[in-house]
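Those protein sequences? They're chains R and A, same order as listed.
Just so you know, we're using UniProt numbering here: the first sequence kicks off at 1 and counts up by one.
Just so you know, we're using UniProt numbering here: the second sequence kicks off at 1 and counts up by one.
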Amino acid sequence: MEDNPTSWFMRITVTILFLFLLAPVLLVFPISFSGDQILAFPPSSWSLRWYEALLGNNVMMSAFLTSLGLASVVTVLSLIIAIPASYAIVRLKVTGSEFLFNLFTAPLLLPTIVLGLAILIIFASMGLLATFTGLVIGHLVITLPYALRVLSVSLGNLSLACEEAASSLGAKPLAVFGKVTLPMMAPGIVAATALCFLVSFDEVVITLFLTGPRMTTLPVELFHHVESQADPLVASVSVLLILMTLAVVMIVDRTMGLTKAMASGRAVSMSTVADAT
Amino acid sequence: MMHQTIKRDGVETIGNPHLSLEGINKKYGLVEVISNLNLEVRKGELIALLGPSGCGKTTTLRMIAGLIAPSAGKIAVGGRDVTHIAPHGRDMGLVFQSYALFPHMTVAKNVAFGLEMRGLSRADIANKVAKALSMVQLEHLAERKPRELSGGQQQRVALARALVIEPSILLLDEPLSNLDAKLRDEMRTQIRDIQQQLGITTVFVTHDQVEALSMCDRIVVMKGGLIEQVGTPHEIYERPATPFVASFVGRTNRVKGKRTADGCIRIGSSMIRSATPAGQDDVVVMVRPHRIHIDWNATSTEQDETANRTAAVLSRITFIGDVIQYHFDVDGSEFIVEESTKKSQSSHRHGDKAVLSWSVEDTLVFGADQ
Numbered sequence: 001m002e003d004n005p006t007s008w009f010m011r012i013t014v015t016i017l018f019l020f021l022l023a024p025v026l027l028v029f030p031i032s033f034s035g036d037q038i039l040a041f042p043p044s045s046w047s048l049r050w051y052e053a054l055l056g057n058n059v060m061m062s063a064f065l066t067s068l069g070l071a072s073v074v075t076v077l078s079l080i081i082a083i084p085a086s087y088a089i090v091r092l093k094v095t096g097s098e099f100l101f102n103l104f105t106a107p108l109l110l111p112t113i114v115l116g117l118a119i120l121i122i123f124a125s126m127g128l129l130a131t132f133t134g135l136v137i138g139h140l141v142i143t144l145p146y147a148l149r150v151l152s153v154s155l156g157n158l159s160l161a162c163e164e165a166a167s168s169l170g171a172k173p174l175a176v177f178g179k180v181t182l183p184m185m186a187p188g189i190v191a192a193t194a195l196c197f198l199v200s201f202d203e204v205v206i207t208l209f210l211t212g213p214r215m216t217t218l219p220v221e222l223f224h225h226v227e228s229q230a231d232p233l234v235a236s237v238s239v240l241l242i243l244m245t246l247a248v249v250m251i252v253d254r255t256m257g258l259t260k261a262m263a264s265g266r267a268v269s270m271s272t273v274a275d276a277t
Numbered sequence: 001m002m003h004q005t006i007k008r009d010g011v012e013t014i015g016n017p018h019l020s021l022e023g024i025n026k027k028y029g030l031v032e033v034i035s036n037l038n039l040e041v042r043k044g045e046l047i048a049l050l051g052p053s054g055c056g057k058t059t060t061l062r063m064i065a066g067l068i069a070p071s072a073g074k075i076a077v078g079g080r081d082v083t084h085i086a087p088h089g090r091d092m093g094l095v096f097q098s099y100a101l102f103p104h105m106t107v108a109k110n111v112a113f114g115l116e117m118r119g120l121s122r123a124d125i126a127n128k129v130a131k132a133l134s135m136v137q138l139e140h141l142a143e144r145k146p147r148e149l150s151g152g153q154q155q156r157v158a159l160a161r162a163l164v165i166e167p168s169i170l171l172l173d174e175p176l177s178n179l180d181a182k183l184r185d186e187m188r189t190q191i192r193d194i195q196q197q198l199g200i201t202t203v204f205v206t207h208d209q210v211e212a213l214s215m216c217d218r219i220v221v222m223k224g225g226l227i228e229q230v231g232t233p234h235e236i237y238e239r240p241a242t243p244f245v246a247s248f249v250g251r252t253n254r255v256k257g258k259r260t261a262d263g264c265i266r267i268g269s270s271m272i273r274s275a276t277p278a279g280q281d282d283v284v285v286m287v288r289p290h291r292i293h294i295d296w297n298a299t300s301t302e303q304d305e306t307a308n309r310t311a312a313v314l315s316r317i318t319f320i321g322d323v324i325q326y327h328f329d330v331d332g333s334e335f336i337v338e339e340s341t342k343k344s345q346s347s348h349r350h351g352d353k354a355v356l357s358w359s360v361e362d363t364l365v366f367g368a369d370q
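As structure tokens, then:
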């Protein structure tokens, strides 16, 4: 690219923007190594005490494991439901598929807090509060719209010709799906997996209503901790959260290239954002 | 191999066809895209479905393949009714304009797909795949992915993939349209050679008259969901059944005329004759541009039994490399005449007078309302 004033202006603007967006996140790292008793920047001394405190904090650690397990189960279930659903909606065009699609994606339009409250009321009467099953169902409500949208777009962008070629070569419908459609959807599936995992792992608002002393997730426990105490433990927990997110992003990048995976999901997240606002 | 051709109810039938379409109808809602289509294809024949976009040629091909169901009618292959059989049970090889190779599989895996679906042994598959790839000269690319291949190579893989299952019918849907001109010429001969070598019955959909004329045994010219004419390339070109066929296949002059009491046709002040009778008063006369002879020195426009002659004034010259086009004015109607170019081209100018002559046999006459 030429070194004209516009490109320099662009570079500086982008750098400032990135700093603006990332500075608070980056700040968490030094604070997590603080030796102080209270949350402050810059720390007056350095230590690993808040990582030790985190490892010794049974509530935090069990909440982390719960979050990990929850996100994994929710992601797998989202894919198991959304893959056939997107196929029915995009390929089979079954009657009412448009309605189904809108129903699945409707939770994105509702204020999350209202959704959380509604789920709380129903789950209270069913005894699902503070149970793993309850959390899984609650999270599915918000991960399914993402999964369904990403997968529908990914499937919709596939040319029908490959599937037609496969069936003309003697493949029965199930073989066409398994050997041609599904492998060709791989980028969409990876994007949906990452999105579902991150959405579930980071979810706070709905989860707040569904957790209790018996069972809680890491973001919710972090939230509660900040409410009662102001020690740098939250910083070390945040680092843990950031590293998890980064790990997911890196796995996606390694398996297929982030840009490629997100390109199939990008249009989706854009329209999702537009819907949500 | 000669087949007797008989006319029955205006439909051309051939003895023992390999593929037959009977009374095929296709409606989308109220719109009829194919109406009462009847067609019979002999074993080993290469037949073209030729027409402009929207004429129903691809729809017809997709119905033969089983990808869409006809609203009415019957499709039979080798005497077996396949109208209601799913694509995977039809045993047809299909080649798409977009190649439609499986992007996640290697070339060899693509070609092997149909054989795997048929449950062949590994050794058989490897053997047949190698044979199919050598037929299209791509053995050396067996382990590549489709995206690493050029368009022409991809289309050859698609052809090998369709042929390796030894289908009863090969269906080609505009297979050459995405290739550049030079490659298209090569692929044309290659497809024809392979088709002849295997003796495989083939239906070829195209909008390109050159492809249809140069490759096929017979051509089906379609327009608006109807068959305009079925015939050999020679018949289609020399004896077009309708003005549409005459103008769609090859170039032609088209002028309006009036039939007179003695059977001649009046164009402006000129009188011409034709070999084909047309029953109406208002007619359209068509003559191929390269079948007209220009006599720059003659003045006589005397008619005789075999040739039509008319006086004309040169209005424009277009040079197109191997061909030069002269645009003549004949009493307000335009006639284009084509001649091959020579190095020492005699120079003619706007306003030059000449006499155009062409054989009565080359004069095609149609009713004006056709």
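All C-beta atoms, glycine included, are put in the ideal place defined by N, C-alpha and C.
P187 of chain R does not reach chain A, its nearest Cβ partner there being about 11 Å away, counting only Cβ pairs nearer than 7 Å.
Where W8 of chain R is concerned, the enclosing alpha helix (DSSP H) starts and stops at 5–32. DSSP places F41 of chain R in the coil class of the three-state scheme, outside both helix and strand.
Here G152 of chain A carries a helix assignment [DSSP, helix/strand/coil].
Per DSSP, the unbroken beta strand (DSSP E) holding D329 of chain A starts and ends at 323–330.
Closest in C-alpha terms to L101 of chain A, from the list R:P183, R:R254, R:F197, R:V153, comes R:P183. According to the DSSP assignment, W358 of chain A belongs to the beta strand (DSSP E) that extends over 353–359. Against chain A, the beta carbon of K172 of chain R has neighbours under 7 Å at H88, listed in chain order. With a 10 Å radius around the Cβ and a threshold of 16 neighbouring Cβ atoms, Y146 of chain R comes out buried. Its chain contains L49, G51, V205, M222 as the residues whose beta carbon lies nearer than 6 Å to that of K57 of chain A, once the 5 sequence neighbours on both sides are disregarded; these appear in chain order. Closest by C-alpha distance to W50 of chain R, out of R:M61, R:L65, R:A71, R:F33, is R:F33. Between the alpha carbons of H104 of chain A and R147 of chain A lies a distance of about 9 Å. The contact set of A100 of chain A on chain R, defined by CB atoms closer than 8 Å, consists of S159, A161, C162, E164, A165 in chain order.
The beta-bridge partner set that DSSP reports for R259 of chain A consists of A:I265. Under the Cβ criterion of 8 Å, R118 of chain A is counted among the residues facing chain R. Close to H104 of chain A, with beta-carbon spacing below 7 Å, are these residues of chain R in chain order: P183, M184. When the beta-carbon positions are compared, A311 of chain A and K256 of chain A stay at least 8 Å from each other.
Annotated three-state conformation of Y87 of chain R is helix, per DSSP.
Residues of the region 120–134 of chain A with a Cβ closer than 9 Å to any Cβ of chain R: none. Looking at the backbone, the Cα of A235 of chain R and that of R156 of chain A are separated by about 60 Å. Inter-residue distance for A82 of chain R and F123 of chain R is about 23 Å (C-alpha atoms, whole angstroms). In the structure shown, N38 of chain A adopts extended strand secondary structure according to DSSP, grouped into three states.
A buried status is given to E211 of chain A, since no fewer than 16 other beta-carbon atoms sit within 10 Å of its beta-carbon. For L169 of chain R, the nearest CB of chain A lies under 8 Å from its own CB, placing it at the interface with that chain.
For E334 of chain A, the enclosing beta strand (DSSP E) covers residues 333–340. Under DSSP, A312 of chain A takes part in a beta bridge, and its partners are A:A354. For A71 of chain R, no Cβ of chain A is located within less than 8 Å of the residue's own Cβ. Taking 8 Å as the cut-off, the beta carbon of S359 of chain A is found closer than this to the beta carbon of R291 of chain A. Listed in chain order, the non-local C-beta contacts of E45 of chain A below 8 Å within the same chain comprise H18, T201, T202, D217, R218, local neighbours out to five positions each way being set aside.
I85 of chain A has a beta carbon lying at 8 Å or more from every beta carbon in chain R.
By the rule that beta-carbons nearer than 8 Å mark a contact, A175 of chain R touches chain A. Counting the other CB atoms within 10 Å of its CB gives N102 of chain R a total below 16, which places it among the exposed residues. Assigned with DSSP and collapsed to three states, K179 of chain R falls in helix.
In this structure P289 of chain A touches V337 of chain A by the C-beta definition: roughly 6 Å separates them, less than 8 Å.
The residues V95, V136, P175, I191, I194, in chain order, have a CB closer than 8 Å to that of L159 of chain A in the same chain once the five nearest residues on each side in sequence are set aside. Shortest Cα-Cα distance from T59 of chain A to any of A:E32, A:V77, A:I47, A:K43 involves A:E32.
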